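Enquirer:
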Amino acid sequence: MKALLSMNKTTIDITHLKKTFGDITALNDVSMRFETGRLYGIIGPAGAGKTTLFRLILQMLIPDAGQIVYLQNNRPQKFDTFRDKIAYMPQTQSLYADLSVDEHLSFFKELYGINQKTYAMKRDELLHMTRLDKFLDRPAGKLSGGMYKKLGLMCALLRSPEIMLLDEPTNGVDPISRREFWSMLQTAVNQGILVIMSTAYMDEAERCGAVVLMESGQMLGAGEPQKLLETAHVANFDDYFLNRGKEDK
Amino acid sequence: MTVFSLRRTKAVCLKEFKHIFRDPFTLMMALLLPLLIVLILGNAIEFNVKSIELAYMDHDKTQSSRKLIETFGSSDYFRPYHIETPTKGQDDLAAERAKMMLVIPPNFEKEMMTARTGNVQIMLDGADNSSVSAIMNYLNTVNNLAFYKIQGLPATDNKPLKIKTRYLFNPELNSRWFAVPGITALIVALVAIMLTALTICKEWEQGSMEMLLSTPIRATEILIGKLLPYAGLSFCGFWIVFLAARFIFNVPFNGSYLILIGATLLFILGYLAMGLCISVISHEQQVAVQYAAVIGLLPTALLSGFIFPIEYMPPVFQGISALFPARFYVEIARDQFLKASSFSDLWVPFTALSIQIIVLMLIGIFKFKRTLE
Numbered sequence: 001m002k003a004l005l006s007m008n009k010t011t012i013d014i015t016h017l018k019k020t021f022g023d024i025t026a027l028n029d030v031s032m033r034f035e036t037g038r039l040y041g042i043i044g045p046a047g048a049g050k051t052t053l054f055r056l057i058l059q060m061l062i063p064d065a066g067q068i069v070y071l072q073n074n075r076p077q078k079f080d081t082f083r084d085k086i087a088y089m090p091q092t093q094s095l096y097a098d099l100s101v102d103e104h105l106s107f108f109k110e111l112y113g114i115n116q117k118t119y120a121m122k123r124d125e126l127l128h129m130t131r132l133d134k135f136l137d138r139p140a141g142k143l144s145g146g147m148y149k150k151l152g153l154m155c156a157l158l159r160s161p162e163i164m165l166l167d168e169p170t171n172g173v174d175p176i177s178r179r180e181f182w183s184m185l186q187t188a189v190n191q192g193i194l195v196i197m198s199t200a201y202m203d204e205a206e207r208c209g210a211v212v213l214m215e216s217g218q219m220l221g222a223g224e225p226q227k228l229l230e231t232a233h234v235a236n237f238d239d240y241f242l243n244r245g246k247e248d249k
Numbered sequence: 250m251t252v253f254s255l256r257r258t259k260a261v262c263l264k265e266f267k268h269i270f271r272d273p274f275t276l277m278m279a280l281l282l283p284l285l286i287v288l289i290l291g292n293a294i295e296f297n298v299k300s301i302e303l304a305y306m307d308h309d310k311t312q313s314s315r316k317l318i319e320t321f322g323s324s325d326y327f328r329p330y331h332i333e334t335p336t337k338g339q340d341d342l343a344a345e346r347a348k349m350m351l352v353i354p355p356n357f358e359k360e361m362m363t364a365r366t367g368n369v370q371i372m373l374d375g376a377d378n379s380s381v382s383a384i385m386n387y388l389n390t391v392n393n394l395a396f397y398k399i400q401g402l403p404a405t406d407n408k409p410l411k412i413k414t415r416y417l418f419n420p421e422l423n424s425r426w427f428a429v430p431g432i433t434a435l436i437v438a439l440v441a442i443m444l445t446a447l448t449i450c451k452e453w454e455q456g457s458m459e460m461l462l463s464t465p466i467r468a469t470e471i472l473i474g475k476l477l478p479y480a481g482l483s484f485c486g487f488w489i490v491f492l493a494a495r496f497i498f499n500v501p502f503n504g505s506y507l508i509l510i511g512a513t514l515l516f517i518l519g520y521l522a523m524g525l526c527i528s529v530i531s532h533e534q535q536v537a538v539q540y541a542a543v544i545g546l547l548p549t550a551l552l553s554g555f556i557f558p559i560e561y562m563p564p565v566f567q568g569i570s571a572l573f574p575a576r577f578y579v580e581i582a583r584d585q586f587l588k589a590s591s592f593s594d595l596w597v598p599f600t601a602l603s604i605q606i607i608v609l610m611l612i613g614i615f616k617f618k619r620t621l622e
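Here the protein sequences come in this chain order: A and B. One point on numbering: in the working numbering, the residue at position 106 of the first sequence is 106, and numbering is uninterrupted. For any residue, its number in the working numbering is found by taking its place in the second sequence, counting from 1, and adding 249.
Quick look at the structure:
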């Protein structure tokens, strides 16, 4: 049954979304659409509105204008039923420094209400994938940057989500761990999970199936990375943003 | 999605216990500090003044004047010593070697015999307000006793009106007996308000709250799971004070355990809610500590009747004190330790306490849910 469900197409449809905090406009008239089977990258420098977008999708914030529609096989769903399908990994270090890898996993198992059998399977699979099995008893506070992020990803993947929101998951992670992290994400996408991640690393944009380019709360463009680069006549996304800066002046 | 899941609440509760037992600071604050505070406050709070150094100058040097000094000395309260000159006495007062100076004039006995009244001069260290009021009380008694002694009459004289005072509930007017319930309130304030505010703020500061909120867990489950361990710790703190009071300071307990424990649990609930409210106002631990001190600890110490009696406060402050659960809790606790009134006599503070707790809880939970925005 679960397998059948995950074959379903999940869509998040965002139209004319706006969010302000006092005088600051964090998001201005943003529309985008995310669908199962792809890895989406929200690309943009700090302050682009990436985290705000995630929080709005998770309904931790309420938009000032516009709407987010959650669809299952093109049928609109209530967020409450949708929420259980989403796993979220916040940008800030959000694990408990004094709890071990193992304790994190079993804590999130309880929160997600996973039964013991599924948990045992999932746990082994994830530990194998992240190669954290040797560090089960190590407290999260004593893990390296890369291992820490992997543990965060494990906690998010534990619930077998249909959608994953990752807010700058590779920020501050060494190049080798970043590569490993990316292949883990690719595995997740291949399993039929809709993955949306944000990053400020422009080189990562090219690895995504589709990207949304953002700057100062505005959406600059969206689509397949190569096509976007061709239309803008630039070699990479660094140049894309740099050229924009010049145009503004 | 279930409305309330015991499993998730239990998981948060268990996690919180792990945090507590792995953090020596929290444990110390919760268990060692109460003991320390009771021992320090219990020994230091002594509103009964004893062994008052009394410098005297006897210009009369008669049997009567000696009897007067003897009366002072025969009580536990005064320790008379002789001085030669008034300047010496004043020096002693200034240097706080003496709390009081007594000067007996040359014709003291003569006056006593003829006019039946004698005049003596007493000088007190007015800078020390609390001892002065105590000394003034003792002086009245000494005055009477000395009169009978000098006149050679038995102390039980046939005075037309005899006033015999008996202090009910606290026969010795032992101030420690009076102080203990206040200390309990102070410790619950410390543990419940401070630690609760800290633990929730920590979760915000670390960013783990965001992670938690993205899981199926409900706000009420987070709150119950996180607050329950601290309710337990506060209750332990209460027992530490209670046992120390009973067995170290021998404070009697006449009331009903049911009423005292009931009131204590209500009070803890109220202060947990207050801690929660603070964590809503500020998500930073440092700021939360300051709020906890100002709206938690200070009113508990100053406006609960622990140090300053409520009845003698100006009406405005009486009104303000009624805003804090501590006032009603101290009232109930004090009553249960010493007077042991029945529940029906205590319905006013109990009702007040309950209303406050419901209001605080509602504000806390409602605001907590709102700050997710």
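The beta-carbon is built from N, C-alpha and C at its ideal position, and this holds for glycine as well. In this text, all values refer to a predicted model and were calculated from it rather than measured experimentally.
Name the residue from B:611, B:321 and B:347 whose alpha carbon lies nearest to the alpha carbon of residue 391 of chain B.
Expert: Closest by alpha carbon: B:321.
Enquirer: Name the chain A residues that come within less than 8 Å of residue 217 of chain B, Cβ to Cβ?
Expert: Given that chain B is displayed from residue 250 to residue 622, the structure contains no residue 217 of chain B and the question cannot be resolved.
Enquirer: Using beta carbons (cut-off 7 Å, strictly below), is residue 257 of chain B in contact with chain A?
Expert: So yes, residue 257 of chain B belongs to the interface.
Enquirer: Does the beta-carbon distance from residue 69 of chain A to residue 76 of chain A come in below 7 Å?
Expert: Taking 7 Å as the Cβ cut-off, residue 69 of chain A and residue 76 of chain A qualify as a contacting pair.
Enquirer: Out of A:131, A:159, A:144 and A:161, point me to the one whose CA is closest to residue 170 of chain A's CA.
Expert: It is A:144 whose Cα lies nearest to the Cα of residue 170 of chain A.
Enquirer: Run through DSSP, which three-state label would residue 149 of chain A get?
Expert: Looking at residue 149 of chain A - three-state DSSP - the assignment turns out to be helix.
Enquirer: Report the CB separation of residue 50 of chain A from residue 214 of chain A in whole angstroms; it is logged as a contact under 8 Å.
Expert: The Cβ separation is near 6 Å, so the contact holds.
Enquirer: Evaluate contact between the stretch 335 to 349 of chain B and the stretch 371 to 387 of chain B, counting only Cβ atoms and requiring at least three cross-stretch pairs below 8 Å.
Expert: With the cut-off at 8 Å, the stretch 335 to 349 of chain B and the stretch 371 to 387 of chain B touch.
Enquirer: Can you tell me whether DSSP reads residue 125 of chain A as helix, strand or coil?
Expert: Of the three classes helix, strand and coil, the one that applies to residue 125 of chain A here is helix, per DSSP.
Enquirer: Find out if the Cβ-Cβ distance for the pair residue 261 of chain B, residue 431 of chain B is shorter than 7 Å.
Expert: It is not a contact, given that the beta carbons lie outside the stated cut-off.
Enquirer: To which residues of the same chain is residue 510 of chain B closer than 7 Å at the C-beta, ignoring the five residues directly before and after it?
Expert: Around residue 510 of chain B: no qualifying Cβ.
Enquirer: Quick test of the definition: if touching needs 3 or more C-beta pairs under 8 Å, does the stretch 300 to 318 of chain B touch the stretch 475 to 491 of chain B?
Expert: No, they do not touch.
Enquirer: Please name the residue in A:117, A:30 and A:41 whose C-alpha comes closest to that of residue 158 of chain A.
Expert: Checking every option, the nearest Cα to that of residue 158 of chain A belongs to A:117.
Enquirer: Closer than 9 Å by beta-carbon distance: list the chain B residues that pair up with residue 72 of chain A, in chain order.
Expert: Ordered by position in chain B, no residue passes the 9 Å Cβ test against residue 72 of chain A, which lies about 15 Å from the chain.
Enquirer: Only counting the same chain, and skipping five residues up and downstream in sequence, which positions put a Cβ closer than 6 Å to that of residue 30 of chain A?
Expert: Here the set comprises 17 and 219.
Enquirer: Which same chain residues end up closer than 7 Å to residue 618 of chain B when comparing Cβ atoms and leaving out the 5 residues on each side of it in sequence?
Expert: Cβ within range, chain order: 468.
Enquirer: So, with DSSP's three-state summary, where would you put residue 532 of chain B?
Expert: Three-state result, residue 532 of chain B: coil.
Enquirer: What three-state label does DSSP hand residue 191 of chain A in the structure shown?
Expert: Residue state, collapsed to three classes: coil.
Enquirer: Does the distance from the CB of residue 43 of chain A to the CB of residue 32 of chain A come in under 7 Å?
Expert: Cβ atoms of residue 43 of chain A and residue 32 of chain A: not closer than 7 Å.
Enquirer: With the cut-off set at 7 Å, would you say residue 613 of chain B and residue 476 of chain B are in Cβ contact?
Expert: Cβ distance not < 7 Å, so residue 613 of chain B and residue 476 of chain B don't count as in contact.
Enquirer: Buried or exposed: which applies to residue 325 of chain B, given that a residue is buried once 16 or more other Cβ atoms fall within 10 Å of its Cβ?
Expert: Exposed: under 16 other Cβ atoms inside 10 Å.
Enquirer: From residue 554 of chain B to residue 501 of chain B, what distance separates their C-alpha atoms?
Expert: Approximately 20 Å between the Cα atoms of the pair.
Enquirer: Compare the Cα-Cα distances from residue 541 of chain B to each of B:460, B:292, B:450 and B:588 and report the closest residue.
Expert: Comparing Cα positions, the closest option is B:450.
Enquirer: What three-state label does DSSP hand residue 348 of chain B in the structure shown?
Expert: Here residue 348 of chain B sits in coil by DSSP.
Enquirer: How long is the line joining the alpha carbons of residue 330 of chain B and residue 362 of chain B, rounded to whole angstroms?
Expert: Their Cα atoms are separated by approximately 26 Å.
Enquirer: If you reduce the DSSP assignment to three classes, tell me which class residue 208 of chain B lands in.
Expert: There is no way to answer for residue 208 of chain B, as the model of chain B reaches only from 250 to 622.
Enquirer: Figure out for me which residue from B:585, B:566 and B:561 has the closest Cα to the Cα of residue 190 of chain B.
Expert: Summary: the structure shown does not reach residue 190 of chain B, with chain B confined to residues 250 through 622, and so no result is reported for it.
Enquirer: With DSSP as the reference, label residue 167 of chain A as helix, strand or coil.
Expert: Residue state, collapsed to three classes: strand.
Enquirer: Buried or exposed for residue 26 of chain A, going by 16 or more other Cβ atoms inside 10 Å?
Expert: By the neighbour-count rule (16 or more Cβ atoms within 10 Å), residue 26 of chain A is buried.
Enquirer: What would DSSP say about residue 354 of chain B, mapped onto helix, strand or coil?
Expert: If DSSP states are grouped into helix, strand and coil, residue 354 of chain B belongs with coil.
Enquirer: Can you give me, in chain order, the residues of the stretch 84 to 102 of chain A that have a beta carbon less than 9 Å from any beta carbon in chain B?
Expert: Going along the stretch 84 to 102 of chain A in chain order, one finds 84, 86, 87, 88, 89, 90, 91, 92, 93, 94, 95, 96, 97, 98 and 99 with a Cβ nearer than 9 Å to chain B.
Enquirer: What did DSSP end up calling residue 303 of chain B once you bin it into helix, strand or coil?
Expert: In the structure shown, residue 303 of chain B sits in a strand (DSSP, three-state: E or B).
Enquirer: Going by alpha carbons, who is nearest to residue 388 of chain B out of B:327, B:496 and B:426?
Expert: Of the candidates B:327, B:496 and B:426, the one whose C-alpha sits nearest the C-alpha of residue 388 of chain B is B:327.
Enquirer: Beta-carbon separation of residue 384 of chain B and residue 369 of chain B under 7 Å?
Expert: No.
Enquirer: Considering Cα atoms alone, identify which of A:163, A:105 and A:111 is closest to residue 197 of chain A.
Expert: The candidate whose alpha carbon is nearest that of residue 197 of chain A is A:163.
Enquirer: On the premise that residue 210 of chain A lies in contact with residue 40 of chain A, defined as a C-beta separation below 8 Å, what is that separation, rounded to the nearest angstrom?
Expert: Rounded, the Cβ-Cβ distance is 5 Å, consistent with contact.
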